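Residue numbers (this note's numbering): 284 to 690. One structure is given below, encoded as structure tokens.
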Ligand SMILES: [Zn+2]
């Protein structure tokens with residue numbers, strides 16, 4: 284993802300933060316400093332308020348990262364490649380490149396995140412209570428007696444409660460939360476059918492999302508809901524979460540529908556065979572003026588072929604990285620993505636699986652290879668066109684109309 288800031292690497296996994304995460308960081312830190320700490324401890328200095336708030340927000344960030352690392356480490360141990368972790372507005376996303384191969388793997392992979400948060404929460408609370416000693420025993424709940432507590436105690440108890448809340452929130456059985464995946468894995472194990480399990484869990488996700496939306500609206504209008512409380516702000520926040528969950532459920536549902544349409548169609552059916560190729564010796568200037576600017580098929584990228592063999596891929600993005608003065612001197616071979624880094628397809632591969640690859644890798648087209656030579660190119664826009672025509676014509680089942688079943 285472009286625009287994400289890489290902050291480091293742990294266990295061989297790149298860690299990125301999305302700009303939206305900075306928003307939540309500032310929100311948490313300023314809410315703690317200006318509202319919670321200032322209210323509970325009016326005697327604290329401004330420096331202590333803000334110092335503690337920033338420390339709390341940073342440790343909270345580290346906790347969310349540990350939650351994501353737990354998902355990623357389990358995924359890798361189960362043989363699923365993990366490319367990166369991105370921290371964003373509502374938490375984190377582990378970029379796991381494939382769907383889990385079994386219900387058991389998905390179950391463990393999803394559960395280990397919230398479990399990590401809850402365990403972290405218990406550790407923070409335990410440390411906090413140990414630090415406070417006798418004082419802690421007089422407190423009915425960890426957050427109830429914060430006013431009498433020193434800075435370290437406040438930090439530990441707040442982090443403990445926050446992590447436990449994150450663990451509980453993530454176990455709500457709705458996509459894309461971990462609870463939604465746990466639910467799907469259980470339905471998957473029960474039905475032995477991933478697609479049906481996904482459909483059932485999207486229905487449940489929708490139902491839960493609407494409960495959040497309606498509950499939030501009721502709260503905003505004055506009703507009081509157990510655990511969630513009352514008030515306009517809390518109500519709007521709850522409704523917002525519901526709206527977000529509803530969108531995620533719709534997206535997951537559409538994906539199932541799309542995969543249904545594309546299932547059983549081989550790559551060879553939708554690929555183009557009249558592919559314009561370029562030679563590695565061509566200058567960047569010629570590539571731009573003779574190919575990209577005149578391309579009839581609206582091509583933005585080309586396979587680079589030498590002696591009939593695919594040796595790389597060159598795109599408009601590669602050209603943009605070269606300064607205008609170098610257009611005459613640099614060649615396609617200098618700026619292309621080398622062949623071994625190009626993701627290729629097999630003509631017999633199922634298009635429903637290829638669709639995932641397009642989405643995850645954010646590429647526009649992929650070469651189709653057979654016995655070491657390129658036989659065609661599959662473009663994302665051709666896939667989209669197929670899907671569009673399919674829905675416009677109201678076809679229910681691609682396999683019926685095309686007379687081509689899987690197996
Ligand atoms: Zn998680």
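Note that the Cβ used here is the ideal one computed from N, Cα and C, for glycine as well. Source: prediction; values computed, not measured.
Thinking C-alpha only, which one of 638, 455 and 593 is nearest residue 539? On the chain shown, position 256 is the one that residue 539 refers to. For residue 539, the nearest C-alpha among the options comes from 638.
Just tell me which of 302, 611 and 588 has its CA closest to the CA of residue 560. On the chain shown, residue 560 is found 277 positions in, with the first residue counted as 1. With respect to the C-alpha of residue 560, the residue from 302, 611 and 588 having the closest C-alpha is 588.
Using the beta-carbon count (16 or more within 10 Å), is residue 385 buried or exposed? One-based indexing of the chain shown puts residue 385 at position 102. Counting Cβ neighbours within 10 Å, residue 385 comes out exposed, since fewer than 16 surround it.
Quick one: is the Cβ of residue 453 within less than 7 Å of any heavy atom of ligand 1? Within the chain shown, residue 453 is the residue found at index 170, counting from 1. In this structure, residue 453 has its CB closer than 7 Å to one or more heavy atoms of ligand 1.
Is there at least one non-hydrogen atom of ligand 1 closer than 7 Å to the beta-carbon of residue 404? The residue you call residue 404 lines up with position 121 of the chain shown. No - ligand 1 has no heavy atom lying nearer than 7 Å to the Cβ of residue 404.
With a threshold of 7 Å (Cβ to nearest heavy atom), would residue 396 be considered close to ligand 1? Here the question's residue 396 lines up with position 113 in the chain shown. Flag set: Cβ of residue 396 near ligand 1.
On the three-state DSSP scale, how would you describe residue 455? Here the question's residue 455 lines up with position 172 in the chain shown. For residue 455, the secondary structure class from DSSP, reduced to helix, strand or coil, is coil.
Residues that DSSP places opposite residue 383 in a beta bridge: Counting from 1 along the chain shown, the entry for residue 383 is found at position 100. Within the DSSP secondary-structure output, residue 383 pairs in no beta bridge.
Could you compute how far the alpha carbon of residue 467 sits from the alpha carbon of residue 608? The residue given as residue 467 occupies position 184 in the chain shown. The residue given as residue 608 occupies position 325 in the chain shown. C-alpha separation (whole angstroms): 55 Å.
Below 7 Å CB to CB, which residues in the same chain sit around residue 553 once its five sequence neighbours on both sides are set aside? Along the chain shown, read from residue 1 onward, the residue named residue 553 stands at position 270. Apart from sequence neighbours up to five positions away, the residues of its chain that approach residue 553 with a beta-carbon distance below 7 Å are 634, 661, 665, 666 and 669, ordered along the chain.
Can you look up residue 240 in the DSSP assignment and give me helix, strand or coil? The requested residue 240 does not occur in the structure, where the chain is confined to residues 284 to 690.
Quick one: what does DSSP say residue 688 is sitting in, helix, strand or coil? As a working mapping, residue 688 is identified with position 405 in the chain shown. In this predicted model, residue 688 has a pLDDT of only 34, less than 50, meaning its place in the structure is not dependable; the value taken from the coordinates is given anyway. Taken through DSSP and simplified to helix, strand or coil, residue 688 comes out as coil.
At least 3 beta-carbon pairs within less than 8 Å: the segment 451-459 vs the segment 489-496: Touching, yes.
Within the same chain, show all residues whose beta-carbon is closer than 6 Å to that of residue 304, passing over the 5 residues directly before and after it, in chain order. What you label residue 304 is simply residue 21 of the chain shown in a count that begins at 1. Same-chain partners within the cutoff: 370 and 371.
In the structure shown, what three-state DSSP assignment does residue 640 receive? Counting from one through the chain shown, the residue named residue 640 turns up at place 357. Reduced to three states, the DSSP call for residue 640 is helix.
May I ask you to list the residues that DSSP assigns as paired with residue 653? Your numbering for residue 653 matches position 370 in the chain shown. 656, per the DSSP bridge assignment.
Span separating the alpha-carbon of residue 449 from that of residue 401: For the purposes of this step, residue 449 is taken as the residue at position 166 of the chain shown. For the purposes of this step, residue 401 is taken as the residue at position 118 of the chain shown. Cα-Cα distance, rounded: 8 Å.
Spatial neighbours of residue 290 within its chain, please: CB distance less than 6 Å, with the 5 preceding and 5 following residues excluded, ordered by chain position. To locate residue 290, count along the chain shown from 1; it is residue 7. Within the same chain, residue 290 has close Cβ partners 298 and 300.
By DSSP, does residue 560 sit in helix, in strand, or in coil? As a position in the chain shown, residue 560 is number 277, starting the count at 1. Coil.
Can you have a look at residue 431 and say buried or exposed, based on whether 16 or more other CB atoms are within 10 angstroms of its CB? For the purposes of this step, residue 431 is taken as residue 148 along the chain shown, with counting starting at 1. Exposed, since its Cβ has fewer than 16 Cβ neighbours within 10 Å.
Tell me whether residue 630 sits in a helix, a strand or coil according to DSSP, three-state version. Counting from one through the chain shown, the residue named residue 630 turns up at place 347. Taken through DSSP and simplified to helix, strand or coil, residue 630 comes out as coil.
Closest Cα partner of residue 240 within the set 322, 315 and 393: This structure gives no information on residue 240, because the portion of the chain shown stretches from 284 to 690.
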